[in-house]
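Chains A and B are the protein sequences, given in the same order.
My numbering puts the first residue of the first sequence at 495, with every later residue one more than the last.
My numbering puts the first residue of the second sequence at 495, with every later residue one more than the last.
Just so it is clear, CB atoms sit at the ideal spot from N, CA and C, and this is done for glycine as well.
Some notes on the structure that comes next.
Number of protein chains: 2
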Amino acid sequence: MPVGLSSPHDLLPVKGVRLAACAAGIRYQGRDDLALIELHEDSTVAAVFTRNAFCAAPVVVARQHLAQASARYLLINSGNANAGTGAAGFDDARAVCTLMAEQAHVDMVSVLPFSTGVIGEPLPVTAFEAAIPGLLKGLDDSAWSSAAEAIMTTDTLPKALSEKVTLSGGEVVITGMAKGAGMIRPDMATMLAFIATDVVIDADQIKQMHAQAVEQSFNRVTVDGDTSTNDACVLMASGQSGIGFAHEQDQLLFQAALDSVYRHLAQALIRDGEGATKFVEIRVNEAANEQEALSVAYTVAHSPLVKTALFASDPNWGRILAAVGRSGIANMDVDRVHIDLGDVRIVENGARAASYTEAQGQAVMDQDEIVISITLGRGDVDSVIWTSDLSFDYVKINAEYRT
Amino acid sequence: MPVGLSSPHDLLPVKGVRLAACAAGIRYQGRDDLALIELHEDSTVAAVFTRNAFCAAPVVVARQHLAQASARYLLINSGNANAGTGAAGFDDARAVCTLMAEQAHVDMVSVLPFSTGVIGEPLPVTAFEAAIPGLLKGLDDSAWSSAAEAIMTTDTLPKALSEKVTLSGGEVVITGMAKGAGMIRPDMATMLAFIATDVVIDADQIKQMHAQAVEQSFNRVTVDGDTSTNDACVLMASGQSGIGFAHEQDQLLFQAALDSVYRHLAQALIRDGEGATKFVEIRVNEAANEQEALSVAYTVAHSPLVKTALFASDPNWGRILAAVGRSGIANMDVDRVHIDLGDVRIVENGARAASYTEAQGQAVMDQDEIVISITLGRGDVDSVIWTSDLSFDYVKINAEYRT
Chain A
495 MPVGLSSPHD LLPVKGVRLA ACAAGIRYQG RDDLALIELH EDSTVAAVFT RNAFCAAPVV
555 VARQHLAQAS ARYLLINSGN ANAGTGAAGF DDARAVCTLM AEQAHVDMVS VLPFSTGVIG
615 EPLPVTAFEA AIPGLLKGLD DSAWSSAAEA IMTTDTLPKA LSEKVTLSGG EVVITGMAKG
675 AGMIRPDMAT MLAFIATDVV IDADQIKQMH AQAVEQSFNR VTVDGDTSTN DACVLMASGQ
735 SGIGFAHEQD QLLFQAALDS VYRHLAQALI RDGEGATKFV EIRVNEAANE QEALSVAYTV
795 AHSPLVKTAL FASDPNWGRI LAAVGRSGIA NMDVDRVHID LGDVRIVENG ARAASYTEAQ
855 GQAVMDQDEI VISITLGRGD VDSVIWTSDL SFDYVKINAE YRT
Chain B
495 MPVGLSSPHD LLPVKGVRLA ACAAGIRYQG RDDLALIELH EDSTVAAVFT RNAFCAAPVV
555 VARQHLAQAS ARYLLINSGN ANAGTGAAGF DDARAVCTLM AEQAHVDMVS VLPFSTGVIG
615 EPLPVTAFEA AIPGLLKGLD DSAWSSAAEA IMTTDTLPKA LSEKVTLSGG EVVITGMAKG
675 AGMIRPDMAT MLAFIATDVV IDADQIKQMH AQAVEQSFNR VTVDGDTSTN DACVLMASGQ
735 SGIGFAHEQD QLLFQAALDS VYRHLAQALI RDGEGATKFV EIRVNEAANE QEALSVAYTV
795 AHSPLVKTAL FASDPNWGRI LAAVGRSGIA NMDVDRVHID LGDVRIVENG ARAASYTEAQ
855 GQAVMDQDEI VISITLGRGD VDSVIWTSDL SFDYVKINAE YRT
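Right, here's the structure in full:
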């Protein structure tokens, strides 16, 4: 049951971007599992991929194709990751690109393949072959919702959002979708995100703006610390609004809107995190640098003991304290550390706050959305990440998935 | 339900070492929760403590006392960690040492305090005061079993073992006990271990031998990656056998026996790991160095997705592959990586082994004790660690403990 998340609505078409989805029977029955995105030929594209050494064949192929040509088609399947599939996996990833390219009359390097799902099973290329003509016929600029559903795996809800930005030259649109619920952590975990805009933007600028937006969104969320072999986040700008950045202020406005869309999508992954019953924001304040702020934040976020206490709505602040203490910060002066649960100070100067009562902590923990603030007293760097709790359902989902 | 572990039996007394245990009512009702160990005045002692920055008051006090005097008494309570208790916690830890010292007519720095249990509650010093006279009267060299029971927290079984070693001068004895079931990871997680021997050994030698034994035992096990504020492992040598190391071979024999006792106790923590249904050995072979071997091993061992697959007896080797891939090894050549599940090769040269069948993997996963071997093809360093699975009961125990 997702925490504070409902199905997307009011998704806006993006000029120059069309989508389609269908049930190709790749693994699932009775639901869409293949999505296609078509980009206008003037589009610019930026993408980041998983840093997992065992990255899947489609990741390698998509990276290669992006370096060689402008992307025109993104073909995204769920149900099969085409990972751990060796040389045959590369052949299969290239084969679906070729099939797509033949039907769409483009170079095969203009097609980017994306796969998500079970690792180690051969990709059923024939299912793609049968589905591609229908997908091409069905392309429509209003199909964001059905595409967002087709790329889901253990997600309980599709995740998508639109924002309008008024630049000095007029209004542009950003619409994005994402999938992912478990195996989530920074550096592109088991997630795919595709964000499109009709703004005019050059190849260098889109890379920079994409990188900045990813850094404070998808690189700040964790469910279980596991990264997958298939993650990618792609920003596509069709340029078909004819509106670019006339002034520096335009770029700032657009970046802010982009950041907001990315953050919403990244948080949606957590809100729909496998078995999640809590949406947890972890703020680390007064760190000496960002690295140590994130080290403390992720140590707390990944601690199974903290996560099970969150699931139990138990204000067991000792577990938070212990996780902070083992986060590997050199020369931590524990006497300067404060910890707040929501508005309640639970640890002051390294020990239980004199003013703290269990009832206060319980009141915060009983909520669905919880903020844990850790103040280190070492510098002036603040960071924030988002995570979920560890519930019976997390174990159930991950013990039963695939079997 | 512990995996392949039963209650200790045939524990041997160690000359010069007496123990006692009682129900002091520190937190639990109807069970012993306080243990005392008395050492002969000629004893040498070596200890390692948690590296958690928020180490508990008794850890700080025990370290200080060890540096100042020969230890004569170790006072160990369960039910209360005396951690996160600020200045009052230090006063309390010193107060119980003083109470003990007065009754036993020794310096208070000859008393070492150890606490394990809930964080953030004040230590009930009066309970210690009432219990100490009875403990002193009850000291007996055969009380290892009851002491091992008194120090338990979420353990389902006491953990202890004896070994005899025949040195050139005669036979010496090693008897050790440990507690711990969750919050277990290297560098002294939520565990306490006390190992005693009657061998004659000097202060430098005992430190070295202790460090070596710890490194390949307690520093090679993980349940959930969480370290606590209170962990310690203490080796005590009474010297009362009158037998020392006459030859280098004696020292090697003794170290081997010590290693074996430590490894048994460390593995017992995992076998009794919270909610454990599997005992898992993770071997990393052909690493370039120990650091990368352990990095791969712990990434796999801490992966919630691998752990839930183990719980489900699901040969989901893709999750193992993904964990290896995200373990942060620079320039990993995935084409050289093999993974075996027991005797079954599941991944060969980075992809599903051609010979592999799901039935083979299932047969291995159906067992209670599972060996995962990961061959990196990067060098000649092999390492091994031990861990458990992630079950419903892990969540249940940690969501319900304390409430």
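Checklist entry - Do you know offhand how far residue 539 of chain B's Cα is from residue 826 of chain A's? => result Position 45 of the second sequence, counted from the first residue, corresponds to residue 539 of chain B. Position 332 of the first sequence, counted from the first residue, corresponds to residue 826 of chain A. Their backbone Cα atoms lie some 28 Å apart in a straight line.
Legend entry - Own chain residues within Cβ distance below 6 Å of residue 885 of chain A, not counting five before or after: Translated into the one-based positions of the first sequence, residue 885 of chain A becomes position 391. Here the set comprises 769, 771 and 805.
Handout entry: Pick from B:737, B:707 and B:496 that is closest to residue 750 of chain B, judged by C-alpha positions
Key = Counted from its first residue, the second sequence places residue 750 of chain B at position 256. If we check each option's Cα against that of residue 750 of chain B, B:707 comes out closest.
* **Contacts of residue 818 of chain B in chain A (Cβ-Cβ under 8 Å)** => Looking up residue 818 of chain B in the second sequence gives position 324. Near residue 818 of chain B (Cβ distances below 8 Å), the residues of chain A are 547 and 548.
### Query
Applying the criterion that 16 or more other CB atoms from any shown protein chain within 10 Å of the CB defines a buried residue, is residue 882 of chain A buried or exposed?
As a first step, residue 882 of chain A must be located in the first sequence, where it is residue number 388. The residue is buried, with at least 16 neighbouring Cβ atoms inside 10 Å.
- Using DSSP with H/G/I as helix, E/B as strand and the rest coil, what is residue 713 of chain A? Within the first sequence, residue 713 of chain A is the residue found at index 219, counting from 1. Helix, per DSSP.
Mind checking whether the beta-carbon of residue 523 of chain A lies closer than 7 Å to any heavy atom of the ligand PLP? In the structure on display, the ligand PLP does not appear, and there are no ligands present to speak of.
_Taking 8 Å as the threshold (beta carbon to beta carbon), is residue 930 of chain A in contact with chain B?_
Any answer about residue 930 of chain A is impossible in this case: the structure gives chain A only from 495 up to 897.
Which residues in chain A sit within 8 Å of residue 889 of chain B, going by Cβ to Cβ distance? For the purposes of this step, residue 889 of chain B is taken as residue 395 along the second sequence, with counting starting at 1. Residues of chain A whose Cβ lies closer than 8 Å to the Cβ of residue 889 of chain B are, in chain order, 802, 805, 884, 885, 886, 888 and 889.
- Going along chain A, which residues have a C-beta under 9 Å from residue 579 of chain B? Within the second sequence, residue 579 of chain B is the residue found at index 85, counting from 1. Those within 9 Å of residue 579 of chain B in chain A are 845 and 846.
According to DSSP, residue 522 of chain A sits in a beta bridge with which residue or residues?
By one-based count along the first sequence, residue 522 of chain A stands at place 28. Answer is none; residue 522 of chain A lacks a bridge partner.
| task | Taking only the alpha-carbon atoms, compute the straight-line gap between residue 560 of chain B and residue 508 of chain B and give it to the nearest angstrom. | result | For the purposes of this step, residue 560 of chain B is taken as the residue at position 66 of the second sequence. For the purposes of this step, residue 508 of chain B is taken as the residue at position 14 of the second sequence. Rounded to whole angstroms, residue 560 of chain B to residue 508 of chain B spans 21 Å at the Cα level.
Item checked: Validate contact between the region 613-620 of chain A and the region 566-586 of chain A using beta carbons, cut 8 Å, 3 pairs -> yes
**Prompt:** Taking only beta-carbon atoms, is residue 823 of chain A less than 8 Å away from chain B?
**Reply:** In the first sequence, the residue the question calls residue 823 of chain A occupies position 329. Yes, because at least one Cβ of chain B sits closer than 8 Å to the Cβ of residue 823 of chain A.
Quiz item: Name the chain B residues that come within less than 7 Å of residue 815 of chain A, Cβ to Cβ?
Solution: Counting from 1 along the first sequence, the entry for residue 815 of chain A is found at position 321. Neighbours of residue 815 of chain A on chain B, chain order: 548, 578 and 613.
- Does the Cβ of residue 495 of chain B have 16 or more other Cβ atoms within 10 Å, making it buried, or fewer, making it exposed? Sequence index remark: in the second sequence, residue 495 of chain B carries index 1 (1-based). That one is exposed.
Quiz item: If you measure from the beta carbon of residue 828 of chain B to each beta carbon in chain A, is any gap under 8 Å?
Solution: To locate residue 828 of chain B, count along the second sequence from 1; it is residue 334. So yes, residue 828 of chain B belongs to the interface.
Output needed for residue 659 of chain B: all residues of its chain with C-beta closer than 6 Å, excluding positions within five of it in sequence on either side, in chain order. For the purposes of this step, residue 659 of chain B is taken as residue 165 along the second sequence, with counting starting at 1. For residue 659 of chain B, where only same-chain residues beyond five positions count, the Cβ hits under 6 Å are 666, 747, 748 and 751.
Apply the 10 Å Cβ neighbour rule to residue 653 of chain A and answer buried if 16 or more other Cβ atoms are within range, or exposed otherwise.
-> As a first step, residue 653 of chain A must be located in the first sequence, where it is residue number 159. With 16 or more Cβ atoms within 10 Å of its Cβ, residue 653 of chain A is classed as buried.
Mind listing the chain A neighbours of residue 841 of chain B? Cutoff is C-beta to C-beta under 8 Å, in chain order. For the purposes of this step, residue 841 of chain B is taken as residue 347 along the second sequence, with counting starting at 1. The contacting residues are 578.
* With contact counted as at least three CB pairs below 8 Å, one residue from each stretch, are the region 625-637 of chain B and the region 510-527 of chain B in contact? -> yes
query = Any contact of the region 552-559 of chain B with the region 593-608 of chain B, i.e. 3+ C-beta pairs under 8 Å?
reply = yes
Given residue 776 of chain B as reference, the closest of B:854, B:642 and B:800 once Cα atoms are compared | Counting from one through the second sequence, the residue named residue 776 of chain B turns up at place 282. Out of B:854, B:642 and B:800, B:800 has the C-alpha closest to the C-alpha of residue 776 of chain B.
### Query
By DSSP, does residue 609 of chain B sit in helix, in strand, or in coil?
The sequence position of residue 609 of chain B within the second sequence is 115, counting from 1. Note: residue 609 of chain B maps to strand in three-state DSSP.
- Is residue 897 of chain B helix, strand or coil by DSSP? Translated into positions along the second sequence, residue 897 of chain B becomes position 403. With a pLDDT of only 41 at residue 897 of chain B, under 50, the local geometry of the prediction cannot be trusted, and the value read off the model is given with reservation. Residue state, collapsed to three classes: coil.
- request: Kindly indicate if chain B contains any beta-carbon less than 8 Å away from that of residue 646 of chain A.
  value: Position 152 of the first sequence, counted from the first residue, corresponds to residue 646 of chain A. Chain B contact via Cβ: absent.
- request: Look up residue 784 of chain B in the DSSP assignment and say whether it is helix, strand or coil.
  value: For the purposes of this step, residue 784 of chain B is identified with residue 290 of the second sequence, where counting begins at 1. Reduced to three states, the DSSP call for residue 784 of chain B is helix.
When the cut-off is 8 Å and only beta carbons count, does residue 573 of chain A lie next to chain B? By 1-based counting over the first sequence, the position of residue 573 of chain A is 79. Not an interface residue.
Take residue 672 of chain A and list the residues in its own chain whose beta-carbon comes closer than 7 Å to its own, dropping the five residues that flank it on each side.
On the first sequence, position 178 is the one that residue 672 of chain A refers to. Hits under 7 Å: 653, 685, 686, 687, 759, 762 and 763.
Could you work out which residue in A:689, A:834 and A:699 is closest to residue 641 of chain A when comparing CA atoms only?
Position 147 of the first sequence, counted from the start, is the residue given in the question as residue 641 of chain A. When A:689, A:834 and A:699 are compared, the shortest CA-CA separation from residue 641 of chain A is found for A:689.
| So is residue 880 of chain A in contact with chain B if we call contact Cβ pairs under 8 Å? | The count along the first sequence starts at 1 and reaches residue 880 of chain A at position 386. Under the 8 Å criterion on CB atoms, residue 880 of chain A is classed as non-interfacial with respect to chain B.
- request: Output, in chain order, the set of chain B residues within a Cβ distance shorter than 8 Å of residue 871 of chain A.
  value: Position 377 of the first sequence, counted from the start, is the residue given in the question as residue 871 of chain A. What residue 871 of chain A touches in chain B: nothing, since even the nearest Cβ is about 13 Å away.
Okay, do the region 527-543 of chain B and the region 567-578 of chain B touch, 3+ Cβ pairs below 8 Å being the bar? yes
Q.
If you measure between the beta carbons of residue 848 of chain B and residue 840 of chain B, is that distance less than 8 Å?
A. The sequence position of residue 848 of chain B within the second sequence is 354, counting from 1. The sequence position of residue 840 of chain B within the second sequence is 346, counting from 1. No, Cβ-Cβ distance for residue 848 of chain B and residue 840 of chain B is not below 8 Å.
For this session: Tell me, please, whether the CB atom of residue 812 of chain B is closer than 8 Å to any CB atom in chain A?
Result: Here residue 812 of chain B corresponds to residue number 318 of the second sequence, with the count starting at 1. Closer than 8 Å to some Cβ of chain A, the Cβ of residue 812 of chain B qualifies, so yes.
Less than 8 Å between the CB atoms is what I'm expecting for residue 501 of chain B and residue 651 of chain B, so what's the real figure, rounded? Locating residue 501 of chain B in the second sequence gives position 7, counting from the first residue. Locating residue 651 of chain B in the second sequence gives position 157, counting from the first residue. So it is a contact: roughly 6 Å between Cβ atoms.
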